[in-house]
DNA sequence: CATGAATGAGCTTTCATTCAT
DNA sequence: GATGAATGAAAGCTCATTCAT
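Protein chains in written order, with the working numbering: chain H, 1275 to 1476; chain E, 1275 to 1476; chain U, 1275 to 1476; chain G, 1275 to 1476.
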C-alpha cells in the first residue's frame, strides 16, 4: 500500500482517493495492465470494495477523464478572464495547459490522451462533448489572433500544432531542470505568433 | 481472415505479413487488446503457429518498432542527402517524418508512440538506442540552423516541439483534405524558422 | 421498490413482507439468481437490514417453505373435515392442492418444489418432516378409497401420480381460461377413481 | 476426478464427456451451484479448457438439453412406428418417456425440466421449438384416442396430466424396487383410458 | 513448419455477510 | 432495529504459451 499523491480537483473522499490512485497507475502502467486489485491496494481497500464506488473499471477511467477535463476547462476560463490582449490570453492558455500536463493534473492529463481508446464508443462521445468545450476556448482566442494577422494558418490547424507541442511535454519536460513552465510557454507562443523580440529588433 | 495492407519496409514473407497485421491491429485496438489469435486470423494461420516466428507476443511488438525505426532512419538519411541548405534539409526531414506518420508506415509509427510502455525495460533500452540514431539526424540539422541564428531555442528543445507537432498528426491529419503533406510541412517549418523568410521571398 | 403481493398465511410484519417478496422472487428468478439486495429492494429496506430478521439467505428460503407447508396442511385438514365420503374427500384434497399451487400460495408452492435442492441436508430433513404430515393426510384418504376398491394401484403410488399431475399445473394452468380449478380437480379425480361413477350418476 | 457415467446419445468425444459430466452435476447440484471448475474436474481437465468446446457455461446447458430432446424425440418416433393400435402407441410413448426420465437419459431429462429458467430468452425459444416437435408426437396419438372416445378431456390437457405424472417420477421412482417401468407405464395408461381389466370384468 | 487442444495464471465482477455508526 | 461501506471468497471467462501429432 503506497500513499497516492493528491491530484488537483479530486478531494479526499474514498472516491477521490480511488481516482487519484487510478490516474497514477493508468499513466504508469496503462489502463489494461492496471488491475482493480492494483488500484485497491494503493488505496488500502479490498478489490471488491471498489465496486461500491464505480460500477465497472471503465467507469473509473471515465471519471478520471471527466474530472480532469472539467478542472482544466475552469483553469482555462480563469486564464482567459485574467488577460485582455489576445496574445497574452494565448500565453495564459499555453501556461495553463502546460501546468495541466506537467504539473498538478499530469497523471490524469496523460491518461486522457494515452488511454482514450479504452473507453467504449458511448463514453468517448460523452467525453468528446466535454473536450469540445475546452477546445472552443482555445479556438476563440486563436481566431482573434488570426483576425489580427498574427499568423497565417487556419486557427484550427494552429490549435492542433499547439496540442502536439504541449501534449508531448509529458514525455520530456522536467520542471526541476533549467527550463520553467513560463519559459517553455513563451517558446511555444513564439511558434504561433513569431518571435516577439525579433519584431522588437526589427 | 482479411488481407493485411502491405507496410513499407516489411516484405511478403510469413514474418513480414505477421508484422503488417500486428502493426495494424496494435494501432487499431492497442497491444493489450489485440490477441495473438487476432493476428493469426488476419494472416490466415492458427495462433500456435505464430510462435514459430516469434518467441513471444512482445517480440512481435518489438519487431514492429525496430523495423519501422530502421526504415524511417534510412528515409531521413536520404532526405538529408538530397538537400544542401539547412532550411531545406529541415523541410525534407519534416516531410519525411510526416510521411512516416500519416503515410506508408503510419500504423507502425503510431504503435511506436502509443504502445511504447508495453515493452519491458530491456527492450525499451534497445529500441531507444535505435531511436537515438534517428534523433541525431534531426539534431544535427537543427544545430546547423541554430548556428545560423534561425531560431533561438536550444536545438534539442526545438526538436521536442517538432516531435509533438508531427507526432500528433496521426490523430487529425487526413491526406484527402485540402492540406497536403507538403503544405503541412511548410507550416511546421515556419514554426521553427519563422514566417519572415517566405514573406521576404515573396 | 415494488409492492409485494400478499401471500396467504404470511402477515404484514416486516418478516412477513420479506417472505412474500422472497417467495415471488425465488419463483420468478430462482433462489440462486435472487440476491438479498433484490429482496430488500422490494420491501424497501437496505440489504444489511435483512440480517436482523434472518441469519442467512437460506433461512429465508426455509421459512418460505415452512410457512407454506403449515398453511396448506391446515387447508387440507379443513378440506377433509368438510366431507364424509372418501371420494368427496379426495375431490376436496385435489381442489385444495390445486388452489395452493395455482392460487393464493402459488409462489411459495412453486419454490417448495423447484428450490428444494438449495436447502442443506439438515433443513431438508426438517422440511421433509413437515411434508410427511401433509402427505399422510393424502395417504389416509387414498387408503380408504383403495379399501373400497375404487382403484387398484398402491395408495402411495397413486399419491405420487397425483402429485405429478397437480404439481405440474404451475407450468400451464391459467385460471383465466375456460378450465376452472373445480373442473380440473374433477378431471384429476377421474384419473384416480375412473370416469364410470359420473356416467353411473348421469 | 470422478468417472462420469455415460449418457445415451452422447459419445465419448471430449465434448460428449463434458456433456455427460455437466448433465449429472446440473441435476445433482443445479446449474447455478455447479461451477465450470466442477465440470472440468470430473472430466479431468482444467477449467479454461472447457471454453475450447463451449463458448459459455450456458452453452453447455443448452447443449445438454438439445441433445436429450433430439435423442428422445427419435425414441418416441421409434416407439410409435412399432405399434398400430392407438392405445398401444400410447403405452409405447409412456414407456419411452419413463425410460428417458428414470433410465438412460435421466440426468439430462431432469435438467431439462429443472434448469429451464437458466436459459436466456433466445435459447429458450430455440429449445422450445425442439420440444414442440416432441410434444406433437404425443398430441397426435392422444388425438386418435380421443376420437375413439377413450377419454373425455381435451387431448392437450390430458398430455399435461401425463407430463406431470411421468415428469415427477424422477423424484421417487426406483427401478430396483418391485415396480418396473412397464408396470408403471400400464398404471399411467390406465389413468388415461380407464382400467382395461375393469372393462374386461364388466 | 503447422496444428489446435490443453494449460493455468490471472482478470473483472458478484454477493452473502459483517459491523461501526 | 436500520444503515451502507467494506469484506473476501468465489465465480465465469480470457489468453499467451506449450507440445504431441
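All C-beta atoms, glycine included, are put in the ideal place defined by N, C-alpha and C. The structure presented is a predicted model; accordingly, all values stated were derived computationally and were not measured.
- Between residue 1413 of chain H and residue 1351 of chain H, the C-beta gap is not smaller than 8 angstroms, which leaves the two residues out of contact.
- Counting other Cβ atoms within 10 Å of its Cβ, residue 1288 of chain G stays below 16 and is therefore classed as exposed.
- With contacts defined by Cβ atoms closer than 8 angstroms, residue 1306 of chain H and residue 1441 of chain E do not form a contacting pair.
- Between the beta-carbon of residue 1467 of chain H and that of residue 1424 of chain H there is about 4 angstroms, and that keeps the pair under the 8 angstroms contact cut.
- For chain E, the residues of the stretch 1442-1463 of chain H that bring a beta carbon within less than 9 angstroms of one of its beta carbons are 1442, 1443, 1445, 1446, 1447, 1453, 1458, 1461 and 1462, in chain order.
- DSSP places residue 1469 of chain U outside any alpha helix (DSSP H), giving it a letter other than H or E.
- With its beta carbon at least 8 angstroms from every one in chain U, residue 1399 of chain G lies outside the interface.
- The alpha helix (DSSP H) runs lying completely inside the stretch 1329-1390 of chain E and spanning 4 residues or more are 1331-1355, 1360-1376 and 1380-1388, given in chain order.
- The beta carbon of residue 1320 of chain H sits closer than 7 angstroms to the beta carbons of 1314 from its chain, once the five residues preceding and following it are set aside; these are given in chain order.
- If you keep only unbroken alpha helix (DSSP H) runs of at least 4 residues inside the stretch 1417-1461 of chain H, you get 1429-1442.
- Ranked by Cα distance from residue 1349 of chain E, the first of E:1460, E:1397 and E:1367 is E:1367.
- Within chain H, the residues whose beta carbon sits less than 8 angstroms from that of residue 1306 of chain E are 1304, 1306 and 1307, listed in sequence order.
- Taking the Cα positions, residue 1416 of chain H is about 32 angstroms away from residue 1389 of chain E.
- Within the same chain, Cβ atoms closer than 8 angstroms to the Cβ of residue 1292 of chain U are found at 1313, 1317, 1324, 1327, 1328 and 1334, the five residues on either side in sequence being excluded.
- For the 8 angstroms CB-CB criterion, residue 1444 of chain E and residue 1384 of chain E form a contact.
- Taking a C-beta distance under 8 angstroms as the contact criterion, residue 1401 of chain H and residue 1439 of chain H do not qualify as a contact pair.
- A direct Cα-Cα distance of roughly 10 angstroms separates residue 1336 of chain U from residue 1330 of chain U.
- Annotated three-state conformation of residue 1304 of chain U is coil, per DSSP.
- Annotated three-state conformation of residue 1323 of chain E is helix, per DSSP.
- The beta carbons of residue 1462 of chain U and residue 1436 of chain U sit about 7 angstroms from each other, so the pair counts as a contact at 8 angstroms.
- At a cut-off of 8 angstroms, the C-beta of residue 1373 of chain U has no neighbouring C-beta in chain G.
- For residue 1312 of chain G, the enclosing alpha helix (DSSP H) stretches over residues 1310-1317.
- With respect to chain G, the C-beta atom of residue 1468 of chain U has a partner C-beta closer than 8 angstroms.
- Just measuring C-alpha positions, the residue of E:1399, E:1301, E:1428 and E:1456 sitting nearest residue 1452 of chain H is E:1428.
- Between residue 1437 of chain G and chain U, the shortest Cβ-Cβ separation is below 8 angstroms.
- Judged by DSSP in its simplified three-state form, residue 1286 of chain E adopts coil rather than helix or strand.
- Within chain U, the residues placing a beta-carbon under 7 angstroms from that of residue 1391 of chain G are 1304, ordered along the chain.
- Taking 8 angstroms as the cut-off, the beta carbon of residue 1369 of chain E is found no closer than this to the beta carbon of residue 1469 of chain E.
- Residue-level contact check: residue 1405 of chain G does not touch chain U, since none of the beta carbons of chain U fall below 8 angstroms from its beta carbon.
- The contact set of residue 1427 of chain H on chain E, defined by CB atoms closer than 7 angstroms, consists of 1461 in chain order.
- Selection H:1353, H:1299 and H:1343 evaluated against residue 1406 of chain H yields H:1343 as nearest (Cα-Cα).
- Of the candidates G:1332, G:1294 and G:1381, the residue whose Cα lies closest to the Cα of residue 1391 of chain G is G:1332.
- Annotated three-state conformation of residue 1393 of chain E is coil, per DSSP.
- Neighbours of residue 1465 of chain H in chain E, taken as residues whose beta carbon is under 7 angstroms from its own, are 1435 and 1465 in chain order.
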